[in-house]
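Going from the sequence shown to the numbering used here is simple: count from 1 and add 14.
Only one structure is covered here, and it is reproduced in the block below.
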Amino acid sequence: MSGRPSFARRATLRRSARLLASFRHEQTDPALFYGGVATDTADLVRDFYRDLTGHGLDGATVLDVGGGPGYFADEFTAAGARYIPVEPDPSEMHAAGLTVPGAVRGSGMALPFRDDAVDICLSSNVAEHVPQPWSMADEMLRVTKTGGLMIFSYTVWLGPFGGHETGPWHYLGGEFAARRYRRKQGREPKNRFGRSLFAVTAAEGVRWAARTGDRARVLAVFPRYHPRWAWWLVRIPGLRELLVSNLVVVVAKR
Ligand SMILES: C[S@@+](CC[C@H](N)C(=O)[O-])C[C@H]1O[C@@H](n2cnc3c(N)ncnc32)[C@H](O)[C@@H]1O
């Protein structure tokens, strides 16, 4: 691929507004929320895969690390891909009554797959939930075939959604925000800082991409939900931590 990614033309202000509006349904109507995000994610993956290989998703194996119950399954299957979610948490695997044939139980930090196994390895909003996100990124690259695509997207800690349900108090510290949530709600947050929620920075993603060197070619690093004209934010240290919100790192395995 050379030049501007095809996906850039989809990254309009209208799309950003649509996605932002769907975020408030995450807890109350997951089907509505995930439906919109699933379509957008399949478009993202399809565009980069086509830029890279000249082919659509037909026949491609897509490993979705931390795919929960497989919210994205229908979109990828409809596109002709062989979709395999990997998920360590059995209760997440059965959330929303979904069952995806071929779903695998396992952790992104030690993927139960051989080297060079899949055409596309994706993780969406998972890295901030694992204690060693960059080991997970290395694992994802390991299982991706030479010439295949890896897409790693996560919520940046200092962004507006970094604290998840404990935000915006995470700006005063993750532990403080978690304790405050418990005090106010009478229960632990689902995303508990230090256990299932971690402070992952945008700078770390940029550095991981730069480090892949001889293992991968960097295709794009951009804010997932922003319009194209705001993608420059990833290049500004400090500001990117506050405003990028969700960083996507896209690489092709050498
Ligand atoms: C916020 S959900 C993201 C679900 C979906 N990928 C999406 O984009 O909406 C985070 C998921 O990461 C999973 N997860 C947590 N630790 C993980 C690990 N070590 N390896 C893989 N997935 C993990 C959680 O169980 C959960 O299903």
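Heads up, the beta-carbon is just placed ideally off N, CA and C, and yes, glycines get one too.
Treat the numbers as computed from the prediction; the structure is a model and nothing was measured.
As the crow flies, the alpha-carbon of residue 242 is around 28 Å from that of residue 212. Per DSSP, the continuous beta strand (DSSP E) segment holding residue 137 begins and ends at 132 to 138. Secondary-structure assignment with DSSP links residue 168 through a beta bridge to 261. Excluding residues up to 5 positions away in sequence, 184, 191 lie with their Cβ nearer than 6 Å to the Cβ of residue 177 in the same chain. When DSSP states are grouped into helix, strand and coil, residue 188 belongs to the helix group. Contact annotation: residue 237 and residue 260 have beta-carbon atoms nearer than 8 Å. Separation of residue 81 and residue 207 (C-alpha to C-alpha, rounded to the nearest whole angstrom) is 21 Å. The alpha-carbon of residue 104 is positioned some 34 Å away from that of residue 268. With 16 or more other Cβ atoms inside 10 Å of its own Cβ, residue 151 counts as buried.
In this model, residue 97 and residue 133 are separated by some 11 Å (Cα to Cα). Setting aside the 5 residues that flank it on each side, residue 194 is surrounded in the same chain by 183, each with a C-beta closer than 6 Å to its C-beta; the list follows chain order. With a cutoff of 8 Å on beta-carbon distance, residue 247 and residue 257 are scored as near each other.
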